[in-house]
Amino acid sequence: MNSFEDNLLELIRSHPTLYRNKDKKHKSLILKENCWKEIAKSLNKKRQNVEITPIKAVRRIGDELIVLCKVPYQIDSCRMIVGTTSYRLIPGNQEGDVVYSGQGLTTGECGAHIKNIREDWNGNVTCVLPPQSSNIEVTGTMRLLVARAPGDPHLISPPQPQFKDEDIFSAQCVVPNGRPAAKILWFLDDEQLLEGVHQPVVTDEPGSDLQTVSQNITRTIRADDNNRMLACRAEHEALDQPREAKRQLIVHYPPKRLESGPITVFGLKLGAEGKLNVTVRSNPPPTAVWMVGDIRITAPHSTDNGAITALEPLHLGNGHYNVSLHLARITKEDVERTYYLQVFNDLGREEFTLRMSTMDEPAGVELDTGAIVGIVVAVLVLLIAVFLGVFAFATDRWCFAGSRAVGR
45 MNSFEDNLLE LIRSHPTLYR NKDKKHKSLI LKENCWKEIA KSLNKKRQNV
95 EITPIKAVRR IGDELIVLCK VPYQIDSCRM IVGTTSYRLI PGNQEGDVVY
145 SGQGLTTGEC GAHIKNIRED WNGNVTCVLP PQSSNIEVTG TMRLLVARAP
195 GDPHLISPPQ PQFKDEDIFS AQCVVPNGRP AAKILWFLDD EQLLEGVHQP
245 VVTDEPGSDL QTVSQNITRT IRADDNNRML ACRAEHEALD QPREAKRQLI
295 VHYPPKRLES GPITVFGLKL GAEGKLNVTV RSNPPPTAVW MVGDIRITAP
345 HSTDNGAITA LEPLHLGNGH YNVSLHLARI TKEDVERTYY LQVFNDLGRE
395 EFTLRMSTMD EPAGVELDTG AIVGIVVAVL VLLIAVFLGV FAFATDRWCF
445 AGSRAVGR
C-alpha cells in the first residue's frame with residue numbers, strides 16, 4: 045500500500061459518519077458529501093506540501109531525466125518510485141539507474157537522476173519524503189511520458205482526381221497510436237498553411253495509453269494551386285524525421301487574361317514579318333481562334349496563301365500559354381486592321397482585341413526620388429508665398445500698406 049492510500053485511509057477513519065451505520069449522521073447524504081469534500085481538501089493540502097519539478101516531462105527511450113522534490117524542512121530519507129520499483133536514494137551514491145540528485149537532505153531536497161529511461165517507466169514518478177510532524181509520509185507525483193512513435197499519417201481527401209477554381213476543398217489528416225499525440229502541420233509545397241486549419245482532436249486508444257490525433261483543413265481552391273502538393277506532416281518526439289502523407293492538387297479553370305483592355309503590339313515594320321502575342325492562363329489547355337477581317341483561323345492553321353498562321357498555343361509552364369498569330373509580310377492594310385482573338389476551353393472563354401503599330405512603344409514617364417522631392421518643395425514654397433501675400437494684404441503690411449495710404 046502506498047502513502048497516498050495510507051493518507052486516504054487515515055482521513056476516512058477520522059470521519060466515522062462515512063462507515064458507521066449506527067452513527068446518527070450516516071443516513072444524511074449531505075453530511076457524507078461534506079465529509080468527502082473535507083477528505084479531498086486534506087489530501088490536496090498534503091500533496092501541496094511537496095514542491096515537485098517538473099510536473100510533466102516527455103522523454104525518448106534511453107534519455108535522462110532529473111526530478112526534484114522539495115519540502116521547507118530538513119529530511120533524513122528520500123525515496124523515489126519509478127515504474128513499479130521504489131528506490132531509496134542516498135546522497136553520494138551514484139551507482140544504478142536511479143540515483144540521488146539535489147543539494148542534500150538537510151536542504152529538504154529529494155531529487156532523482158533517472159538514467160537511460162525505459163519503456164516500462166512510462167507513467168507516474170512519485171517521491172516519498174518523511175513528514176515534518178505526524179507519522180504520515182508526504183508525496184509528490186509527476187507524469188513521465190516515454191515517447192512512442194506514432195503510425196504513419198493518413199490523408200483522407202475527396203476522391204475526385206481534379207477540382208475547379210473556387211471549389212471548397214476539405215481534407216483530414218489522421219496520425220494514430222502515438223505517445224503523446226503527434227503534432228500535425230499542413231503544407232502546400234513548401235508553404236505552411238495556417239488559414240483554414242481546424243483544431244486538432246486527440247482520442248485515447250481503448251485499453252492503451254496511446255493517442256490518435258486528427259485534424260481537418262478547409263480551403264478554397266485557386267488556380268495557383270494547380271500541380272501543387274498538399275502534405276500533412278506528423279512531428280513527434282520519438283521520430284528522427286517528420287513523416288508525411290501527400291496528394292497532388294489538379295485544378296481546372298477557364299482561360300484567364302493577364303492584362304485588361306485592348307492590346308497594341310508596337311515596333312513592327314512594313315514589309316517585314318511580324319507576330320501578335322497574347323499570354324493567357326488555362327487548364328485544360330486552350331483552343332485559340334483568330335478573326336482577321338472575314339477570315340477565321342483556328343490554331344494551328346494558316347490562310348490558303350500561307351500569309352497568316354495561327355500557331356498552336358505554346359505552354360510556358362504553370363498553366364501559362366503563349367497564343368501567337370504570325371504574319372509573313374506586314375502590309376499597310378495589316379496595320380490598319382483590328383484583330384480579334386477568342387481563347388476557350390470546356391470551362392469558359394476569354395476574348396481579346398489587338399492592334400499592331402509600326403511606332404516604337406512609348407516610354408513610361410517615371411520620376412525618381414529627387415524629382416518627387418523637388419515637386420513637393422516647389423508646391424510648399426508656392427503655398428507659403430500665397431499665405432504671406434494674403435496675410436500682408438489683410439494686415440496692411442509691406443507694399444500693401446503704402447498703396448492703401450495713397451488711396452486715403
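FYI, in my numbering the residues of the sequence shown are 45 to 452.
Ideal Cβ positions, reconstructed from N, Cα and C, are used throughout, including at glycine.
- Glu395 is bridged by DSSP to Gln386.
- Here Pro298 carries a strand assignment [DSSP, helix/strand/coil].
- Arg132 and Glu54 have their alpha carbons spaced roughly 25 Å apart.
- Of the candidates Ser121, Leu188 and Val172, Leu188 places its Cα closest to the Cα of Glu108.
- Per the coordinates, the alpha-carbon of Thr264 lies some 25 Å from the alpha-carbon of Arg287.
- The beta carbons of Leu229 and Glu281 sit about 15 Å from each other, so the pair does not count as a contact at 8 Å.
- Taking 8 Å as the upper bound for CB-CB distance, Val126 and Pro224 are not in contact here, some 19 Å apart.
- In this structure, Leu385 and Ala351 do not form a Cβ contact; the two beta carbons are roughly 18 Å apart against a cut-off of 8 Å.
- In this structure, DSSP gives Lys290 an extended state, which the three-state scheme calls strand.
- Between Leu355 and Glu317, the C-beta gap is not smaller than 8 Å, which leaves the two residues out of contact.
- With 16 or more other CB atoms across the displayed protein chains lying within 10 angstroms of its CB, Pro330 is buried.
- The region 193-213 and the region 149-156 do not touch, with fewer than 3 CB-CB distances between them shorter than 8 Å.
- Asn78 carries a helical assignment under DSSP once its states are collapsed to helix, strand and coil.
- When rounded, the separation of the alpha-carbon atoms in Asn160 and Glu235 is 38 Å.
- Counting of Cβ neighbours within 10 angstroms places Pro306 among the exposed residues, the total staying below 16.
- Going by C-alpha positions, Cys217 is about 12 Å away from Gly195.
- If you draw a straight line from the Cα of Thr342 to the Cα of Leu398, it comes to about 16 Å.
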